[in-house]
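Heads up: the sequence lines are chains F and X, in that order.
Residue 467 is where the first sequence starts when you use the working numbering, and the numbers rise one by one after that.
Residue 7 is where the second sequence starts when you use the working numbering, and the numbers rise one by one after that.
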Amino acid sequence: MKISVIITLKKDVLDPQGKVIHQTLDGMGFDDINEVRQGKYFEIDTNETDKKKAKAKVEEMCKKLLTNLVIENYKIIDLK
Amino acid sequence: MKSSVITFPGSNCDRDMHIALKKFGFKNKMVWHADADLPKSDLVVLPGGFSYGDYLRCGSMASKSKIMQSVINFANSGGMVMGICNGFQILVETGLVPGVLLRNKYLEFICKNVFVKINDKKNKYFKNVNNEVLEFHIAHNEGNYFCTNDQLKEIEDNNQIAIYYCDEKGTIEDQFNPNGSIKNIAGIFNKEKNVLGMMPHPERMIDTSLSGEDGSLFFKNLINNLK
């Protein structure tokens with residue numbers, strides 16, 4: 467089973483990279499952007515076939531390694 | 007006094023730390039990250055570098071390596087654990103000290119000498135240091151200390167801030183903050199103050215032919231406080 471996870475920075479955390487990307491896009495003519503926030507995307511391929519169990523395991527991975535919950539949120543977006 | 011320096015894949019200040027510790031009287035052992043057991047130590051140091059290539063988040067992989075469970079147990083039983091630079095990043099990832107280290111505010115790798123002001127001397131790291139301000143070296147890309155408002159209140163209430171970035175007179179102002187850290191924080195303790203994480207490198211300030219000597223001051227004092 468393939469599972470996708472998106473990790474984003476929490477609202478109050480400064481994202482200097484997102485800011486620079488925003489400025490660059492602005493300079494390229496994409497001048498109607500309010501904000502750019504950069505995140506991370508993971509695809510995890512597991513042998514687990516039970517959807518519920520797979521999701522629970524990925525959730526544990528997110529909490530223990532993939533995210534730092536002081537600054538980031540995670541979202542499990544896709545189970546195939 | 008016995009010390010242990012942990013080497014992770016990608017550590018690059020481990021040998022400098024070994025030399026510094028030895029110079030000031032520690033019997034130091036180098037410990038590989040994949041070992042399970044920590045040698046008997048009075049001080050454990052997590053050195054600077056780029057453990058695991060800074061993949062995912064700086065320090066995140068190293069914080070899960072085999073030796074770290076022993077280091078965490080050692081710290082939780084009151085053992086002295088000091089994390090410098092990448093070692094500080096590893097410490098925050100273990101949760102032994104609160105907060106995180108984000109990318110520097112202006113997206114630059116910073117490599118220069120800085121002044122830091124000692125905030126608290128009621129601990130074995132800074133007790134009896136005569137100076138209020140020390141000159142150390144920083145070299146990092148992710149040293150921008152951040153924590154939640156609740157965490158900040160807690161670390162201030164418990165007096166857990168170890169050192170602040172400042173000028174040579176000890177003035178703590180935004181213009182002397184190299185990386186955007188909240189409140190100019192350069193280093194913090196855990197609640198019990200046996201664990202210290204800091205971005206500056208005292209081991210780079212121990213040889214008059216290369217640098218200043220405030221690192222010598224720090225290590226001489228540290229070994230005396232541990233005796």
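In this text, a Cβ means the ideal position worked out from N, Cα and C, and glycines have one as well.
When you compare each of the options to residue i by their alpha carbons, which one comes out closest?
i	options	result
asparagine 92 of chain X	X:Ile144, X:Phe32, X:Gly31 and X:Asn231	X:Ile144
lysine 477 of chain F	F:Leu532, F:Gln504, F:Lys468 and F:Leu545	F:Gln504
isoleucine 167 of chain X	X:Phe152, X:Asp173, X:Lys159 and X:Gly193	X:Gly193
tyrosine 58 of chain X	X:His207, X:Leu216 and X:Gly16	X:Gly16
valine 201 of chain X	X:Val37, X:Asn110, X:Asn129 and X:Ile191	X:Asn129
leucine 480 of chain F	X:Asp48, X:Val37 and X:Arg109	X:Arg109
lysine 127 of chain X	X:Tyr112, X:Lys111 and X:Ile169	X:Ile169
methionine 74 of chain X	X:Asn164, X:Asp60, X:Leu62 and X:Gly89	X:Gly89
lysine 33 of chain X	X:Asp60, X:Thr100, X:Asp48 and X:Lys189	X:Asp48
proline 208 of chain X	X:His24, X:Ile12 and X:Lys8	X:His24
histidine 39 of chain X	X:Ala68, X:Tyr61 and X:Glu198	X:Ala68
glycine 84 of chain X	X:Lys111, X:Val50, X:Leu216 and X:Asn185	X:Val50
proline 45 of chain X	X:Gln157, X:Ser9 and X:Phe115	X:Ser9
phenylalanine 508 of chain F	F:Lys518, F:Ile537 and F:Thr533	F:Thr533
methionine 7 of chain X	X:Met86, X:Met205, X:Gln157 and X:Leu97	X:Met86
lysine 72 of chain X	X:Thr13, X:Asn165, X:Cys117 and X:Pro206	X:Thr13
histidine 146 of chain X	X:Leu223, X:Gln157, X:Asn119 and X:Glu198	X:Asn119
glutamate 538 of chain F	X:Glu99, X:Asp60, X:Asn79 and X:Val77	X:Glu99
phenylalanine 275 of chain X	X:Lys233, X:Met205 and X:Ser222	The requested residue 275 of chain X is not part of the displayed model; chain X covers only 7 to 233.
Any beta carbon of chain X sitting closer than 8 Å to that of residue i?
i	result
asparagine 513 of chain F	no
leucine 548 of chain F	Nothing in the structure corresponds to residue 548 of chain F, since chain F is present only between 467 and 546.
glutamine 483 of chain F	yes
asparagine 534 of chain F	yes
valine 524 of chain F	no
leucine 480 of chain F	yes
valine 486 of chain F	yes
isoleucine 537 of chain F	yes
Can you name, in chain order, every residue of its own chain whose Cβ lies under 8 Å from the Cβ of residue i, other than the five neighbours on each side?
i	result
valine 488 of chain F	Residue 488 of chain F is actually histidine in this sequence, not valine. Once the five neighbours on either side are set aside, the close Cβ partners of histidine 488 of chain F are Ile499, Glu501 and Val502.
alanine 520 of chain F	Met467, Ile469, Thr512, Glu514 and Leu545
lysine 226 of chain X	Phe30
isoleucine 161 of chain X	Pro104, Gly105, Cys153, Ile167 and Ile194
lysine 485 of chain F	Val502
glutamate 198 of chain X	Gly84
glutamine 157 of chain X	Pro104 and Gly105
aspartate 492 of chain F	Ile499
Considering only residues of the same chain and omitting the five flanking positions on each side of residue i, which have a CB-CB separation below 7 Å?
i	result
glycine 176 of chain X	Lys123, Glu138 and Val139
lysine 506 of chain F	Ile473
cysteine 528 of chain F	Val471 and Tyr540
lysine 111 of chain X	Asn150, Asn185 and Gly186
Who are the near neighbours of residue i in its chain, counting only those whose CB is closer than 6 Å to its CB and skipping five residues on each side?
i	result
lysine 541 of chain F	Ile472
serine 187 of chain X	Asn150 and Tyr151
asparagine 18 of chain X	Gly55
leucine 102 of chain X	Ala81, Asn196 and Val201
cysteine 257 of chain X	Residue 257 of chain X cannot be examined here, being either before or after the span of chain X that is shown, 7 to 233.
cysteine 64 of chain X	Gln95 and Glu148
aspartate 220 of chain X	Leu140, Glu141 and Met211
lysine 133 of chain X	Lys127 and Asn231
leucine 27 of chain X	Ser9 and Asn34
aspartate 22 of chain X	Glu209
phenylalanine 224 of chain X	Pro208
serine 66 of chain X	Glu99
alanine 42 of chain X	Lys72
Using DSSP's beta-bridge definition, name the partner residues of residue i.
i	result
tyrosine 112 of chain X	Beta-bridge pairing links tyrosine 112 of chain X to no other residue.
threonine 474 of chain F	F:Asn539
valine 479 of chain F	Per DSSP, none; premise fails for valine 479 of chain F.
isoleucine 469 of chain F	F:Ile510 and F:Leu545
valine 106 of chain X	X:Phe152
valine 502 of chain F	None; valine 502 of chain F has no bridge partner.
leucine 202 of chain X	X:Met88 and X:Phe195
valine 11 of chain X	X:Met36 and X:Val51
methionine 17 of chain X	Going by the sequence as given, residue 17 of chain X is serine instead of methionine. Answer by DSSP bridge pairing, in chain order: X:Gly55.
histidine 207 of chain X	X:His143
Does residue i get closer than 8 Å to chain C when you measure Cβ to Cβ?
i	result
phenylalanine 142 of chain X	No chain C is part of this structure, whose protein chains are labelled F and X.
Please tell me whether residue i has its Cβ less than 8 Å away from any Cβ of chain F.
i	result
arginine 21 of chain X	no
leucine 108 of chain X	yes
glycine 105 of chain X	yes
threonine 100 of chain X	no
cysteine 153 of chain X	yes
serine 71 of chain X	no
leucine 158 of chain X	no
lysine 111 of chain X	yes
arginine 210 of chain X	no
serine 66 of chain X	yes
Q | 3-residue-minimum beta strand (DSSP E) runs that sit fully inside the segment 40 to 103 of chain X, ordered along the chain | A | Correct list: 49 to 52 and 86 to 90.
Q | Start-end ranges of the beta strand (DSSP E) lying completely within the segment 115 to 172 of chain X, minimum 3 residues | A | Secondary structure within the segment 115 to 172 of chain X: the beta strand (DSSP E) runs of 3 or more consecutive residues, fully enclosed, are 116 to 124, 139 to 146, 150 to 152 and 167 to 172 (chain order).
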